[in-house]
Amino acid sequence: MKIKALDTYFLSAPLPQPVRTSTSTISKVSELIVTLTTDAGLVGIGEAHGPFLSQGGPDAMRAVGQILERITPLVVGQDPFSVERIWQDLFALTYTSVRGIPTLAQQRRQLVTAISAIDIALWDLMGKAAQRPVHALLGGALRTRVPAYVTGFYYRDGERPDDLRREADLYLAHGYRTLKVKVAGLPPEADAERVGVIRKAVGDDVKLMIDANQGWDLPTAIRAAKLCEPHDIFWLEDPMPWYDERHALRRLKDEVDIPIAAGETEFTPFGLRTMVAEGLVDYLIIDSTWAGG
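Residue numbers (our numbering): 5 to 297.
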């Protein structure tokens, strides 16, 4: 069985109302869909998304589309069960040329976004060919249920405490018992008050995480974390910018009691492995649709 075609689709839909994190305004959701069709008639579907596509607009879409055109020869004609070799060939373009295709070292982020969709589509193809769920191909299920959390409480113009309570009630009505709250878009005292409103609304049995989207420097992260500690926070996510993240995370962990979650600033398995080995995080945040598949 060989892959005979790689097709790309870009989807984008506006949100009913723009929402904000500490570092950006989100007005639409954008997705990259890749389909791989084999000579046996099977079609594998893969997806990539994330801030790079949603915030980059048409230029980001165009850049990823051009990369997909350039790397298609490394995928078409291959056996989808050669997934590891295909991934290694594609990833090698982050630092060297591969079989006549020039390196894409200056577009690593865009390349890894494209690889994510291709890799997911390959696993989808393998599952369909074997008539097995992908988890079986990965070694089998370790559990029959996986807890899910909802990310919400984005900043909105004109927000009032009652809006936060209604949003919390909505998530609880849908069965969620773990909620993630956006922070770092207000002064730490105001953010802590906002988190307190949500904690009071959901009670003590619901887990609350807070996500700063890299919006704090180290002193502010320490102060904000200490202000939120009384609200029993399950984890603090991505508190500081990527460029000094490892040094800052180590100091933050020494100063606060809230477990630290991070990893979205790393987009390869190698960077994530280093974060774990150095003890920088309590929880890894990994999104397969923009971290290489």
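All C-beta atoms in this analysis are idealised placements derived from N, C-alpha and C, irrespective of residue type, glycine included.
Because the structure is a prediction, the values reported are computed rather than measured.
### Query
Looking only at its own chain, which residues have a Cβ that is under 6 Å from the Cβ of Thr-39, when we skip the five neighbours before and after it?
Numbered from its first residue, the sequence shown carries residue 39 at position 35. Asp-11, Val-47 and Ile-49.
### Query
What do you reckon, are the CB atoms on Tyr-175 and Val-199 nearer than 8 Å?
For this step, residue 175 is matched to residue 171 along the sequence shown. For this step, residue 199 is matched to residue 195 along the sequence shown. No, these two residues do not count as a Cβ contact at 8 Å.
### Query
Does DSSP put Gln-70 in a helix, in a strand, or in coil?
By one-based count along the sequence shown, residue 70 stands at place 66. If DSSP states are grouped into helix, strand and coil, Gln-70 belongs with the helices.
### Task
Let me know the secondary structure DSSP gives Ser-120 once reduced to three states.
Taking the sequence shown and counting its residues from 1, the one referred to as residue 120 is at position 116. The answer is helix: DSSP assigns Ser-120 an H, G or I state.
### Query
Can the beta-carbon of Ala-228 be found less than 8 Å from the beta-carbon of Asp-195?
Position 224 of the sequence shown, counting from 1, holds the residue named residue 228. Position 191 of the sequence shown, counting from 1, holds the residue named residue 195. Yes, the pair counts as a contact, with Cβ atoms nearer than the cut-off.
### Query
The alpha helix (DSSP H) spanning Thr-278 covers which residue range?
Position 274 of the sequence shown, counting from 1, holds the residue named residue 278. Per DSSP, Thr-278 belongs to the alpha helix (DSSP H) from 273-281.
### Query
Measuring CA to CA, which of Leu-240, Leu-284, Phe-238 and Glu-270 is closest to Arg-250?
Here residue 250 refers to the residue found at position 246 when the sequence shown is read from its first residue. Closest by alpha carbon: Leu-284.
### Message
So within the segment 111-186, which uninterrupted alpha helix (DSSP H) runs reach at least 4 residues, ignoring any that extend past its ends?
### Response
112-134, 138-141 and 165-177
### Query
Between the Cα of Gly-162 and the Cα atoms of Ala-9, Gln-21 and Lys-6, which residue gives the shortest distance?
As a working note, residue 162 is residue 158 in the sequence shown. Among Ala-9, Gln-21 and Lys-6, the Cα nearest to that of Gly-162 is on Gln-21.
### Query
Can you tell me whether DSSP reads Met-213 as helix, strand or coil?
Taking the sequence shown and counting its residues from 1, one reaches residue 213 at position 209. Met-213 falls in the strand class under three-state DSSP.
### Task
Following the continuous beta strand (DSSP E) through His-235, name the residue where it begins and the one where it ends.
As a working note, residue 235 is residue 231 in the sequence shown. Run containing His-235: none; DSSP gives neither H nor E here.
#### Entry: Residues bridged to Ile-30 (per DSSP)
Walking along the sequence shown from the start, residue 30 turns up at place 26. For Ile-30, which the question treats as bridged, DSSP gives the partners Val-23.
### Task
Measure the CB-CB distance between Met-244 and Asp-221 and report whether it falls below 8 Å.
Along the sequence shown, one-based indexing puts residue 244 at 240. Along the sequence shown, one-based indexing puts residue 221 at 217. Yes, they are a contact pair.
### Query
Leaving out the 5 sequence neighbours to the left and right, which residues in its chain are closer than 7 Å to Pro-165 when beta-carbon positions are compared?
By one-based count along the sequence shown, residue 165 stands at place 161. Excluding sequence neighbours, Pro-165 sits near Val-201.
### Message
Are the CB atoms of Glu-268 and Asp-291 within a distance shorter than 8 Å?
### Response
As a working mapping, residue 291 is identified with position 287 in the sequence shown. As a working mapping, residue 268 is identified with position 264 in the sequence shown. Yes, Cβ-Cβ distance for Asp-291 and Glu-268 is below 8 Å.
### Query
How many Å lie between Pro-263 and Asp-286 at the Cα?
Your numbering for residue 263 matches position 259 in the sequence shown. Your numbering for residue 286 matches position 282 in the sequence shown. If you take the alpha carbons of Pro-263 and Asp-286, they lie about 6 Å apart.
### Task
Can you give me the Cβ contacts of Val-138 inside the same chain, cut-off strictly under 6 Å, excluding the 5 residues immediately before and after it?
Here residue 138 refers to the residue found at position 134 when the sequence shown is read from its first residue. So the list reads Trp-127 and Gly-131, once near-sequence residues are dropped.
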